[in-house]
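Below is one structure, written out as structure tokens; the observations come after it.
Number of protein chains: 2
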Amino acid sequence: MPRRRCRWRSEKWWQGEFRGYGYRFTIPRQIILQVLDESKEHLSAEDIYLKVHQLYPAIGLTTVYRTLELLVNMGLVSKFDFGDGRARFELSPKTDQVSHHHHLICTNCGRIIDYNDFVKEELELIKKIEKELARKYSFEIKNHNIQFYGLCDKCSTLKK
Amino acid sequence: MPRRRCRWRSEKWWQGEFRGYGYRFTIPRQIILQVLDESKEHLSAEDIYLKVHQLYPAIGLTTVYRTLELLVNMGLVSKFDFGDGRARFELSPKTDQVSHHHHLICTNCGRIIDYNDFVKEELELIKKIEKELARKYSFEIKNHNIQFYGLCDKCSTLKK
DNA sequence: GAAGGTAATAGTAATCATTTTCAATTACAT
DNA sequence: ATGTAATTGAAAATGATTACTATTACCTTC
Numbered sequence: 000m001p002r003r004r005c006r007w008r009s010e011k012w013w014q015g016e017f018r019g020y021g022y023r024f025t026i027p028r029q030i031i032l033q034v035l036d037e038s039k040e041h042l043s044a045e046d047i048y049l050k051v052h053q054l055y056p057a058i059g060l061t062t063v064y065r066t067l068e069l070l071v072n073m074g075l076v077s078k079f080d081f082g083d084g085r086a087r088f089e090l091s092p093k094t095d096q097v098s099h100h101h102h103l104i105c106t107n108c109g110r111i112i113d114y115n116d117f118v119k120e121e122l123e124l125i126k127k128i129e130k131e132l133a134r135k136y137s138f139e140i141k142n143h144n145i146q147f148y149g150l151c152d153k154c155s156t157l158k159k
Numbered sequence: 000m001p002r003r004r005c006r007w008r009s010e011k012w013w014q015g016e017f018r019g020y021g022y023r024f025t026i027p028r029q030i031i032l033q034v035l036d037e038s039k040e041h042l043s044a045e046d047i048y049l050k051v052h053q054l055y056p057a058i059g060l061t062t063v064y065r066t067l068e069l070l071v072n073m074g075l076v077s078k079f080d081f082g083d084g085r086a087r088f089e090l091s092p093k094t095d096q097v098s099h100h101h102h103l104i105c106t107n108c109g110r111i112i113d114y115n116d117f118v119k120e121e122l123e124l125i126k127k128i129e130k131e132l133a134r135k136y137s138f139e140i141k142n143h144n145i146q147f148y149g150l151c152d153k154c155s156t157l158k159k
């Protein structure tokens with residue numbers, strides 16, 4: 000089992016990222032990144048707030064929202080909508096802690112399955128599409144989102 | 000120029016769809032489908048309500064929401080989230096009034112561009128992925144969603 | 001063709017995630 | 001150490017969507 004480094008104590012690679020943008024690397028920002036780094040799940044803003052709050056009760060929900068927005072703009076975090084009325088957040092794959100993946104969403108129970116089968120093929124096609132669309136529509140593509148909706152095994156059998 | 004048939008006067012093919020589900024084909028439902036059929040844009044619930052309201056002021060916003068939910072469940076309408084906090088609705092491609100397409104979303108101005116370049120290739124890959132994921136995760140895929148985020152030509156040049 | 005029963009509707013009020021406001025605090029360059 | 005703009009937290013505001021309730025439209029059965 001790989002030993003987990005205590006990332007948030009040492010000078011973090013994120014810190015440089017903040018400096019580059021001219022942002023301060025404050026405690027709330029550190030803690031929020033730490034929480035995102037530690038749980039690979041698809042956390043809502045409130046989920047994150049609750050975890051952050053355990054580590055650092057002084058950090059408020061507003062700050063969580065504000066920080067997440069910042070991180071999304073910086074490209075460190077990806078924001079998703081799975082159709083349940085609340086946004087979800089994950090560290091971006093470019094942070095290389097996380098492998099590139101997409102999502103299966105059960106429209107019945109809300110379960111989310113990450114998959115990375117075919118991601119290579121998907122990414123190849125996406126790259127090709129991006130290039131063509133950039134040319135045709137003069138559109139500068141920064142990001143993409145692929146998701147499948149349907150019924151997970153449990154809900155699928157339940158409905159029969 | 001193809002002559003537009005006056006679809007909502009004649010017995011509409013939708014009507015049968017409703018009967019099949021055991022739902023009534025009421026005036027609000029007709030009008031909402033008509034509005035969706037006439038404007039190929041990406042309308043929010045309120046956009047739809049305003050258009051519906053011009054044709055039939057008695058129809059309320061609640062009914063619009065309820066009907067859209069019904070239509071989405073029936074598969075006649077697709078629901079999208081473009082990240083601006085309100086859902087958007089379009090007639091589904093399966094209604095064959097609309098060609099299958101995906102979306103480019105400008106994260107700066109919110110402009111939406113429909114594209115159907117590469118859709119054939121996308122659909123082929125998607126079909127392959129669906130089959131594999133269905134097997135591997137016992138997941139019954141009903142639908143998919145592909146979108147690209149970035150900057151449209153105007154916003155891209157503005158930022159330089 | 002009328003009565004009865006259920007589905008569908010409108011309007012209002014409530015909900016709930018997310019933003020805004022604003023005064024107080026803090027990071028960090030000097 | 002200090003000044004200053006960036007950052008923060010609490011409370012209030014916002015805005016899309018949903019719940020509730022009384023009413024109405026439609027279909028069936030007689």
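Sequences listed follow chains G and B, in order. Residues in the first sequence are numbered from 0 upward in steps of one, following numbering that gives the first Met the number 0. Residues in the second sequence are numbered from 0 upward in steps of one, following numbering that gives the first Met the number 0. Beta carbons: idealized from backbone N, C-alpha and C, even for Gly. Remember, it's a predicted structure, so these values are computed and weren't measured experimentally.
Close beta carbons around B:Met73, own chain, < 7 Å, minus the five adjacent residues each side: Stepping through the second sequence from its first residue, residue 73 of chain B is reached at position 74. The residues are Glu16, Tyr20.
Exposed unless 16 or more other CB atoms sit within 10 angstroms - verdict on G:Ser137: Residue 137 of chain G sits at position 138 when you count from the first residue of the first sequence. Result: exposed.
Within-8 Å CB hit, B:Ser77 to chain G: Taking the second sequence and counting its residues from 1, the one referred to as residue 77 of chain B is at position 78. So no, B:Ser77 is outside the interface.
Out of B:Glu139, B:Asn144, B:Arg65, state which residue places its alpha-carbon closest to the alpha-carbon of B:Asp113. The sequence position of residue 113 of chain B within the second sequence is 114, counting from 1. Nearest to B:Asp113 by alpha-carbon distance, out of B:Glu139, B:Asn144, B:Arg65, is B:Asn144.
With a threshold of 8 Å between beta-carbons, can G:Phe138 be considered close to chain B, or not? Translated into positions along the first sequence, residue 138 of chain G becomes position 139. Among the residues facing chain B, G:Phe138 is included, as its CB has a counterpart in that chain under 8 Å away.
Which chain B residues are close to G:Phe88, counting only those with a beta carbon under 9 Å from its beta carbon? Start at 1 with the first residue of the first sequence, and residue 88 of chain G comes out as number 89. Around G:Phe88, no beta-carbon contact reaches into chain B at under 9 Å, the shortest distance being about 13 Å.
Quick one: what's got a C-beta closer than 7 Å to B:Tyr64's C-beta in the same chain, skipping five residues either side? As a working note, residue 64 of chain B is residue 65 in the second sequence. Ala44.
Going along the chain, which residues of the segment 112–143 of chain G sit with their C-beta nearer than 9 Å to a C-beta in chain B? Cβ contacts with chain B come from Ile112, Tyr114, Asp116, Phe117, Glu120, Glu121, Leu124, Ile125, Lys127, Ile128, Glu129, Glu131, Leu132, Ala133, Lys135, Tyr136, Ser137, Phe138, Glu139, Ile140, Lys141, Asn142, His143.
Mark G:Asp83 as exposed unless 16 or more other C-beta atoms lie within 10 angstroms of its C-beta, in which case mark it buried. What you label residue 83 of chain G is simply residue 84 of the first sequence in a count that begins at 1. Counting of Cβ neighbours within 10 angstroms places G:Asp83 among the exposed residues, the total staying below 16.
Rounded Cβ spacing between B:Asp50 and B:Val34 (contact assumed at less than 8 Å): Stepping through the second sequence from its first residue, residue 50 of chain B is reached at position 51. Stepping through the second sequence from its first residue, residue 34 of chain B is reached at position 35. The amino acid occupying residue 50 of chain B in the given sequence is Lys; Asp does not appear at that position. Rounded, the Cβ-Cβ distance is 5 Å, consistent with contact.
What residues are listed by DSSP as bridge partners for G:Asn144? Walking along the first sequence from the start, residue 144 of chain G turns up at place 145. G:Asn144 is bridged to B:Gln146.
So with Cβ pairs under 8 Å, would you call B:Leu69 a contact of chain G? As a working note, residue 69 of chain B is residue 70 in the second sequence. It does not: the Cβ of B:Leu69 has no partner Cβ on chain G nearer than 8 Å.
Tell whether a beta-carbon distance below 8 Å holds between B:Ile26 and B:Tyr55. One-based indexing of the second sequence puts residue 26 of chain B at position 27. One-based indexing of the second sequence puts residue 55 of chain B at position 56. One thing to note: B:Ile26 has its Cβ within 8 Å of the Cβ of B:Tyr55.
Locate the beta strand (DSSP E) running through G:Leu75, then write down its first and last residues. Along the first sequence, one-based indexing puts residue 75 of chain G at 76. Looking at the DSSP string, G:Leu75 is not in any beta strand (DSSP E), and its letter there is neither H nor E.
Same chain only: Cβ atoms within 6 Å of G:Ile30, ignoring 5 sequence neighbours per side: Residue 30 of chain G sits at position 31 when you count from the first residue of the first sequence. Cβ neighbours of G:Ile30 beyond the five flanking positions: Val51, Leu54, Tyr55.
Where G:Glu129 falls, given that 16 or more other Cβ within 10 Å makes a residue buried: Residue 129 of chain G sits at position 130 when you count from the first residue of the first sequence. Burial call: buried.
For G:His52, name the three-state secondary structure that DSSP assigns. As a working mapping, residue 52 of chain G is identified with position 53 in the first sequence. G:His52 carries a helical assignment under DSSP once its states are collapsed to helix, strand and coil.
List the residues of chain B whose Cβ lies closer than 9 Å to the Cβ of G:Phe147, in chain order. Here residue 147 of chain G is taken as the residue at index 148 of the first sequence, counted from 1. The CB of G:Phe147 comes closer than 9 Å to the CB of Ile125, Ile128, Glu129, Leu132, Phe138, Ile140, Lys141, Asn142, His143, Asn144 in chain B, given here in chain order.
Determine the closest residue to G:Cys151 out of G:Lys93, G:Arg28, G:Ile111, with distance taken between C-alpha atoms. The count along the first sequence starts at 1 and reaches residue 151 of chain G at position 152. For G:Cys151, the closest of G:Lys93, G:Arg28, G:Ile111 by C-alpha to C-alpha distance is G:Ile111.
Do B:Asn142 and G:Tyr148 come within 8 Å of each other at the CB atom, strictly closer than that value? What you label residue 148 of chain G is simply residue 149 of the first sequence in a count that begins at 1. What you label residue 142 of chain B is simply residue 143 of the second sequence in a count that begins at 1. Taking a C-beta distance under 8 Å as the contact criterion, G:Tyr148 and B:Asn142 qualify as a contact pair.
What in chain G is Cβ-close to B:Asp80, meaning under 8 Å? For this step, residue 80 of chain B is matched to residue 81 along the second sequence. The contacting residues are Asp80, Gly82.
When the Cα atoms are used, what is the spatial distance from B:His99 to B:Arg28? Along the second sequence, one-based indexing puts residue 99 of chain B at 100. Along the second sequence, one-based indexing puts residue 28 of chain B at 29. When only Cα atoms are considered, B:His99 and B:Arg28 end up about 23 Å apart.
Assigned secondary structure, G:Phe211 (DSSP; H/G/I helix, E/B strand, else coil): Nothing can be reported for residue 211 of chain G, as the shown portion of chain G is limited to 0 through 159.
Strictly below 8 Å CB to CB, what residues from chain G border B:Leu150? Looking up residue 150 of chain B in the second sequence gives position 151. The contacting residues are Phe138, Glu139, Lys141.
Shorter than 8 Å from the beta carbon of G:Lys91 to some beta carbon of chain B? For the purposes of this step, residue 91 of chain G is identified with residue 92 of the first sequence, where counting begins at 1. Contrary to the premise, residue 91 of chain G reads as Ser rather than Lys in this sequence. Nearest CB-CB separation between G:Ser91 and chain B: not below the 8 Å threshold.
Here's the rule I'm using: 16 or more other beta-carbon atoms within 10 Å means buried, otherwise exposed. How should B:Thr61 be labelled? Here residue 61 of chain B corresponds to residue number 62 of the second sequence, with the count starting at 1. By the neighbour-count rule (16 or more Cβ atoms within 10 Å), B:Thr61 is not buried but exposed.
Taking the beta carbon of B:Thr66 as the centre, do at least 16 other beta carbons fall within 10 Å, making it buried, or is it exposed? As a first step, residue 66 of chain B must be located in the second sequence, where it is residue number 67. With 16 or more other Cβ atoms within 10 Å, it is buried.
State the Cα-Cα distance for the pair B:Gly59 and G:Leu32, rounded to the nearest angstrom. Taking the second sequence and counting its residues from 1, the one referred to as residue 59 of chain B is at position 60. Taking the first sequence and counting its residues from 1, the one referred to as residue 32 of chain G is at position 33. Linking B:Gly59 to G:Leu32 through their CA atoms gives a straight-line distance of about 44 Å.
For the beta strand (DSSP E) that contains G:Phe161, what are its first and last residues? Here chain G covers residues 0 to 159 and nothing more, so residue 161 of chain G does not appear.
Relative to the alpha-carbon of G:His102, which residue among G:Lys119, G:Ser155, G:Glu68, G:Asp80 has its alpha-carbon at the smallest distance? On the first sequence, residue 102 of chain G is found 103 positions in, with the first residue counted as 1. The shortest Cα separation from G:His102 among G:Lys119, G:Ser155, G:Glu68, G:Asp80 belongs to G:Asp80.
Below 8 Å on the Cβ atoms is my guess for G:Leu132 versus G:Ile140; work out the distance and round it to an integer in Å. Residue mapping note: residue 132 of chain G aligns to position 133 of the first sequence, counting from 1. Residue mapping note: residue 140 of chain G aligns to position 141 of the first sequence, counting from 1. About 7 Å; that satisfies the 8 Å criterion.
Given this structure, state the Cα-to-Cα distance separating B:Ser155 from G:Arg87, to the nearest angstrom. Taking the first residue of the second sequence as 1, we reach residue 155 of chain B at position 156. Taking the first residue of the first sequence as 1, we reach residue 87 of chain G at position 88. Their backbone Cα atoms lie some 27 Å apart in a straight line.
Given a threshold of 16 other Cβ atoms within 10 Å of its Cβ, counted over all protein chains shown, does G:Leu70 qualify as buried or as exposed? Sequence index remark: in the first sequence, residue 70 of chain G carries index 71 (1-based). Buried, since its Cβ has 16 or more Cβ neighbours within 10 Å.
What's the gap between the Cα of B:Arg85 and the Cα of B:Trp13? Numbered from 1 along the second sequence, position 86 holds the residue referred to as residue 85 of chain B. Numbered from 1 along the second sequence, position 14 holds the residue referred to as residue 13 of chain B. The straight-line gap separating the alpha-carbon atoms of B:Arg85 and B:Trp13 is approximately 26 Å.
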